[in-house]
Amino acid sequence: MVRPSTLATTLGAIVVSATILGWGGLAAAQPGGDDEIEMDGEGDGSGSAGPVDEGEIEMDGEGEKDLETDLAADPTDTVKIDTTSRELKPVSWQDIVVVMRKPFLKIRRTDLMPFLSTTMNDNMIRHYAAGAQFNYFLTDVLAVGVEGQYYTKQFREPFDLVGRQARRLPTINKYNFSAALNFHYVPVYGKFAILDQKLVAWETYFTAGVGVTQSEVVPRDPRFGSFNNLLITPNIGASMRFFLFQWLTVNVGIRDYIFVDRFEPVGRSDTMFTSPDVAKENADSALINNVMFQIGVSFWIPPTFEYTTFR
Amino acid sequence: MKNQSFTSVTLAGLFAATALLIPSVASADDPPPRRSALDEQPAVRHRLLLVAKRLEATPMFESTINADFRHFIGAGLKLEYHLGDMFSIGGMIVGSTSLDTKLTKRVVETLEPDVNNMTREPSVQEFTQRLNTIPLHGSIYASLTPWYGKMAAFGKAYVNFDFYFQAGLSFATLKSDCASSICNDPMPGIDPAPADPLVNADDNPNNDPPLNSGFRPGLYLGGGIHVFINEFLALDLAIRDYAFKDNPSGADFNADLAVQDDDSRFLHHLFVGVGVSVMVPFKVKRTR
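Protein sequences appear in the order of chains A and B.
Under my numbering, the first sequence has 11 at position 11, and the numbering climbs by one with no breaks.
Under my numbering, the second sequence has 1016 at position 16, and the numbering climbs by one with no breaks.
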C-alpha cells in the first residue's frame, strides 16, 4: 500500500513540476515585463483544464470530433490525395512573420480629450484655446466625434509695431468659440523606444470635419462697436497619439480651420459704417486658414479592453 | 506590578519590532521575487543601428514659420557625425532669399508713395528699404536622439524613424539695403549742436539708418524626425529656432524717435526644414 502511494505521489510531483516548468518556460518566451497587458484566463500554472480563454476565437473544423461519427462514416467516402504532383516549397525564416500584437485597442471605445491649442500662422494676433473632443471609435482606425473650443486672444509684437512705426491700424478679428463634427482616420501606426529602455506605441491620424466658428471684429477705433460673425468652418488636420496606459493617451497635432471671415470695412468713421449693423453689411471678406497646434490628454471609456484575436 | 507591566510593555514592543523585522529578514533570505527573464534584456534586439558611427550629409530646404515682415526660403547643407546611437555633433549652413509677408504687402499698399517729412508715416521706400534679409544663416550643435522606432503606413509600408533634439550656437548674416537718399540722418537721436537751442535731433526715425545688417551670433534649438527610406537614405523633417539679436523692420522699436542699437532685441527665428539624409557608410550594423 505504501509503494503505490509513494509512486503515485512521485509521478504526480513530476507531472506538476513539469507543468510548472513548462509554464515558466513559456512565460519567459513571451515579450513580457511590466508593460505587458495581462490576459484574462491566462495560465495559472495548475495545468488543469480551466475555462476556455474568452480571448480566443474557435476555428471552424478544429476541436475534437465525435468518435462515433468518425466510426460510422463511410470509408469509401474519401478523397484520394495526389501526393505526387504537389509542389513542395521549403519553409524558410522569411515565411514566418512575427507581428507584435497592438498594445492598445480603440474599437467601440470613446475618447474624451480635453486639450489646449494655440495659433501657428497669425503674426498679428495669437489665440489660445481650451477645448474638448469626444470621439467614438467605430473601428480601430475610424472614429467620429465632436469638439468645442473657447478662445482667448493676445496681440503679438507686429500689432503694435505696425501702429507705431507705419502709423497703420490693423484690421483683425478675434475668435470667440468654435464647434465641429469630425471624422478621424488612423493610417500610420508605430512604436518607438525611449533611451533604448521603454517601448511606447504611437499612431498618426488624420482629421476632417465641419463646424462653426464665431469671430468678433476688433474695431480699429474703440468708439465704434464690434460685430460678430458665425462662420461655417471645415477643418482638416493631422495628429499623433502616444499610448501611455490602457486608459490614457497623449495627443499632439495640427489643425487647419478654414473659413471666410468678415472684417471691419475700410473707412469706418463718424460718417461711414458707424453702427455695427451697417458695418457688418459692408464688411470685407477674406478666406482664412486658422492653423492651430493642439495638445491634449485622452481618457478612454471603458478604461480597459479585451482582445478578441489570437496572441 | 509596575515591574511586570514594564516587562509586558517591553515584551510587546519587542514582539512588535520582531514582527516588523520578520518580513525584511524573510525577504533577505528568500529567493528574489519572480521576474520576467526579459526584464534585464534590451528593449529591442537585432536593431538596425541606422545612425551610430555614421556621417550624415543632408541637402535641405528651409522656410520661416510665421515670419513678421519677410519670409525666408533657402537651401543648404547639414553635416552631422553620429558618435553613437544617441549622440551626434554637426553643423549646417543655409542660403536664403526673401519674400514679403502678407502683412508687409497690405501695409505697403496704404503707405504714401513719396517721402514726406511733414508726416510721421513712412513712405513705401522708407518702410521697405529698412526691412532686412537673412542671406546666410546656420548653426553648430550637439544632438540627442532619444527615441527610435518603426511605423507602418496602412499596415503595409514599414519604415524606421527616430526623433532628435539639437542645441547649440547659431549665426546669421543680416542685410538691409537702405539707400543714402532715404536713410540720410547722420546722427539719429543725437542733438548735432547741443549748445544751440534752436538745433535739435530731428525726431524722425523714418530717415535713420536701420542698423539691422551684419553678422549676428546667437543660440540654436531644433528638433526633428528621420524617416528611413532604406538603410542609408532618410527623409529629414525638422523645426529649428535660430535666436539672435535683430530688428527686422529696421524701425524705431522702443519709441524714442530714433533708430539705434537698443532697438534690436533677441528674437526667435523659426524655420521648418525638409531634406534627404545620406548616411555614410552605406552599410548598416545590427545590435545583438
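All C-beta atoms, glycine included, are put in the ideal place defined by N, C-alpha and C.
Given the structure is predicted, the values throughout are model-derived calculations rather than measurements.
Next on the checklist: Check whether the region 1234 to 1246 of chain B and the region 1257 to 1268 of chain B are in contact - that is, three or more C-beta pairs closer than 8 Å.
Outcome noted: The answer is yes - the region 1257 to 1268 of chain B touches the region 1234 to 1246 of chain B, with three or more Cβ pairs under 8 Å.
Checklist entry - Which one of B/Gly1250, B/Val1272 and B/Ala1255 has the shortest CA to CA distance from B/Val1128? => result Sequence index remark: in the second sequence, residue 1128 of chain B carries index 128 (1-based). Note that residue 1128 of chain B is Thr in the sequence shown, not Val. It is B/Gly1250.
Checklist entry - Quick one: is B/Tyr1158 buried, meaning 16 or more other Cβ sit within 10 Å of its Cβ, or exposed? => result By one-based count along the second sequence, residue 1158 of chain B stands at place 158. Exposed: under 16 other Cβ atoms inside 10 Å.
Checklist entry - If we count Cβ pairs, one from each stretch, closer than 8 Å, do we get three or more for the region 145 to 163 of chain A versus the region 127 to 136 of chain A? => result yes
Next on the checklist: If you reduce the DSSP assignment to three classes, tell me which class A/Gln197 lands in.
Outcome noted: Here the question's residue 197 of chain A lines up with position 197 in the first sequence. In this structure, A/Gln197 counts as coil in the three-state DSSP scheme.
Checklist entry - Would you say A/Met120 reaches chain B, if we count a Cβ-Cβ gap shorter than 8 Å as a contact? => result Numbered from its first residue, the first sequence carries residue 120 of chain A at position 120. For A/Met120, the answer is yes, since a Cβ of chain B falls inside 8 Å of its Cβ.
Checklist entry - Rounded to whole angstroms, how far is the Cβ of B/Thr1287 from the Cβ of B/Leu1131, which I believe are closer than 8 Å? => result Within the second sequence, the letter at position 287 stands for residue 1287 of chain B. Within the second sequence, the letter at position 131 stands for residue 1131 of chain B. 52 Å between Cβ atoms; not a contact.
Checklist entry - Is A/Ile37 close to chain B, meaning its C-beta is less than 8 Å from at least one C-beta of that chain? => result Working through the first sequence from its first residue, we reach residue 37 of chain A at position 37. Per-residue confidence for A/Ile37 stands at a pLDDT of 36, beneath the threshold of 50, marking its modelled position as unreliable; no derived number is given.
Checklist entry - Residues bridged to B/Ser1096 by DSSP? => result For the purposes of this step, residue 1096 of chain B is taken as residue 96 along the second sequence, with counting starting at 1. DSSP output for B/Ser1096 lists B/Gly1074 as bridge partner(s).
Checklist entry - Any idea if A/Ser46 is buried or exposed, counting beta-carbon neighbours within 10 angstroms, 16 or more meaning buried? => result Here residue 46 of chain A refers to the residue found at position 46 when the first sequence is read from its first residue. The predicted position of A/Ser46 is uncertain, since its pLDDT is 37 and thus under 50; a value taken from the coordinates is nonetheless stated next. Exposed is the call here.
Next on the checklist: According to DSSP, A/Val250 sits in a beta bridge with which residue or residues?
Outcome noted: As a working note, residue 250 of chain A is residue 250 in the first sequence. A/Phe242 and A/Val297, per the DSSP bridge assignment.
Checklist entry - Is B/Leu1021 close to chain A, meaning its C-beta is less than 8 Å from at least one C-beta of that chain? => result Within the second sequence, residue 1021 of chain B is the residue found at index 21, counting from 1. With a pLDDT of 46 at B/Leu1021, under the threshold of 50, the predicted position of this residue should be treated as unreliable, and no value is reported.
Item to check | For B/Pro1042, the first and last residue of its enclosing beta strand (DSSP E) | outcome: What you label residue 1042 of chain B is simply residue 42 of the second sequence in a count that begins at 1. Counting along the chain, B/Pro1042 falls outside any beta strand (DSSP E), and DSSP gives it neither H nor E.
Next on the checklist: At the 8 Å Cβ level, is A/Met124 part of the contact set with chain B, yes or no?
Outcome noted: By 1-based counting over the first sequence, the position of residue 124 of chain A is 124. Yes, its Cβ sits closer than 8 Å to a Cβ of chain B.
Item to check | Beta bridge counterpart(s) of A/Phe177 as assigned by DSSP | outcome: Sequence index remark: in the first sequence, residue 177 of chain A carries index 177 (1-based). Answer by DSSP bridge pairing, in chain order: A/Tyr150 and A/Gln214.
Item to check | C-alpha distance - B/Gly1189 paired with B/Glu1121, whole-angstrom precision | outcome: Counting from 1 along the second sequence, the entry for residue 1189 of chain B is found at position 189. Counting from 1 along the second sequence, the entry for residue 1121 of chain B is found at position 121. Taking the Cα positions, B/Gly1189 is about 17 Å away from B/Glu1121.
Checklist entry - DSSP on B/Val1115, reduced to helix/strand/coil? => result For the purposes of this step, residue 1115 of chain B is taken as residue 115 along the second sequence, with counting starting at 1. Note: B/Val1115 maps to coil in three-state DSSP.
Next on the checklist: Suppose contacts are defined by Cβ-Cβ distances below 8 Å. Is B/Ile1065 in contact with B/Ser1096 by that definition?
Outcome noted: Locating residue 1065 of chain B in the second sequence gives position 65, counting from the first residue. Locating residue 1096 of chain B in the second sequence gives position 96, counting from the first residue. Their beta carbons are not under 8 Å apart, which means B/Ile1065 does not touch B/Ser1096 by this criterion.
Checklist entry - Looking only at its own chain, which residues have a Cβ that is under 8 Å from the Cβ of A/Thr118, when we skip the five neighbours before and after it? => result As a position in the first sequence, residue 118 of chain A is number 118, starting the count at 1. Result list for A/Thr118: Arg126, His127, Tyr128, Ala129, Met292 and Phe293, in chain order.
Next on the checklist: Taking CB distances under 8 Å as the criterion, tell me whether B/Glu1062 reaches chain A.
Outcome noted: The count along the second sequence starts at 1 and reaches residue 1062 of chain B at position 62. Not closer than 8 Å to any Cβ of chain A, the Cβ of B/Glu1062 fails to qualify, so no.
Checklist entry - Contact check, A/Arg268 vs A/Ala279 under 8 Å by CB: the rounded distance? => result For the purposes of this step, residue 268 of chain A is identified with residue 268 of the first sequence, where counting begins at 1. For the purposes of this step, residue 279 of chain A is identified with residue 279 of the first sequence, where counting begins at 1. Contact flag correct, Cβ pair sits at about 6 Å.
Checklist entry - Given 8 Å as the limit, is there contact between the region 1105 to 1114 of chain B and the region 1085 to 1092 of chain B, that is, 3 or more CB pairs closer than that? => result no
Item to check | Among A/Ser239, A/Ile194, A/Leu231 and A/Asn229, the one whose alpha carbon lies nearest that of A/Thr207 | outcome: The residue labelled residue 207 of chain A in the question sits at position 207 within the first sequence. Taking only the C-alpha atoms, the option nearest A/Thr207 is A/Ser239.
Item to check | Interface partners of B/Pro1188 on chain E, CB under 8 Å | outcome: The chain inventory of the structure shown lacks chain E, comprising the protein chains A and B.
Checklist entry - A/Tyr205 and A/Arg241: beta carbons closer than 8 Å? => result Taking the first residue of the first sequence as position 1, residue 205 of chain A is located at position 205. Taking the first residue of the first sequence as position 1, residue 241 of chain A is located at position 241. Taking 8 Å as the Cβ cut-off, A/Tyr205 and A/Arg241 qualify as a contacting pair.
Item to check | For B/Thr1104, the first and last residue of its enclosing alpha helix (DSSP H) | outcome: Along the second sequence, read from residue 1 onward, the residue named residue 1104 of chain B stands at position 104. Its alpha helix (DSSP H) spans residues Lys1102 to Thr1110.
Next on the checklist: Is A/Val210 close to chain B? Criterion is C-beta to C-beta, closer than 8 Å.
Outcome noted: Your numbering for residue 210 of chain A matches position 210 in the first sequence. For A/Val210, the answer is no, since every Cβ of chain B falls outside 8 Å of its Cβ.
Next on the checklist: Give me the chain A residues within the contact set of B/Tyr1148, using Cβ-Cβ distance strictly less than 7 Å, ordered along the chain.
Outcome noted: Your numbering for residue 1148 of chain B matches position 148 in the second sequence. Under the 7 Å cutoff, chain A gives Phe192 and Ala193.
Item to check | Cβ neighbours of B/Met1279 in the same chain (closer than 6 Å, five flanking residues each side left out) | outcome: Residue 1279 of chain B sits at position 279 when you count from the first residue of the second sequence. Within the same chain, B/Met1279 has close Cβ partners Arg1054, Glu1056 and Phe1232.
Checklist entry - Name the chain B residues that come within less than 8 Å of A/Val278, Cβ to Cβ? => result The residue you call residue 278 of chain A lines up with position 278 of the first sequence. Those do not exist, as A/Val278 stays about 23 Å from chain B at its closest Cβ, beyond 8 Å.
Checklist entry - What first and last residue would you give for the alpha helix (DSSP H) that runs through A/Lys280? => result Translated into positions along the first sequence, residue 280 of chain A becomes position 280. Boundaries of the alpha helix (DSSP H) harbouring A/Lys280: Pro276 to Glu281, taken from the DSSP string.
Next on the checklist: Considering just the uninterrupted stretch of the alpha helix (DSSP H) at B/Arg1288, what are its terminal residues?
Outcome noted: As a position in the second sequence, residue 1288 of chain B is number 288, starting the count at 1. Where B/Arg1288 is concerned, there is no enclosing alpha helix (DSSP H), given that its DSSP letter is neither H nor E.
Checklist entry - Can you tell which of A/Gly148, A/Asp122, A/Arg164 and A/Pro302 has its C-alpha closest to the C-alpha of B/Asn1206? => result The residue you call residue 1206 of chain B lines up with position 206 of the second sequence. Nearest C-alpha to B/Asn1206: A/Arg164.
Item to check | B/Arg1335, enclosing beta strand (DSSP E) - first and last residue | outcome: Not covered by the structure: residue 1335 of chain B. The range shown for chain B is 1001 to 1288.
Checklist entry - At which residues does the beta strand (DSSP E) containing A/Asp111 begin and terminate? => result On the first sequence, residue 111 of chain A is found 111 positions in, with the first residue counted as 1. Taken as a continuous stretch (DSSP letters only), the beta strand (DSSP E) holding A/Asp111 covers Thr110 to Thr119.
Checklist entry - Bridge partners of A/Asp261, per DSSP? => result Along the first sequence, read from residue 1 onward, the residue named residue 261 of chain A stands at position 261. Paired residue(s): A/Ala286.
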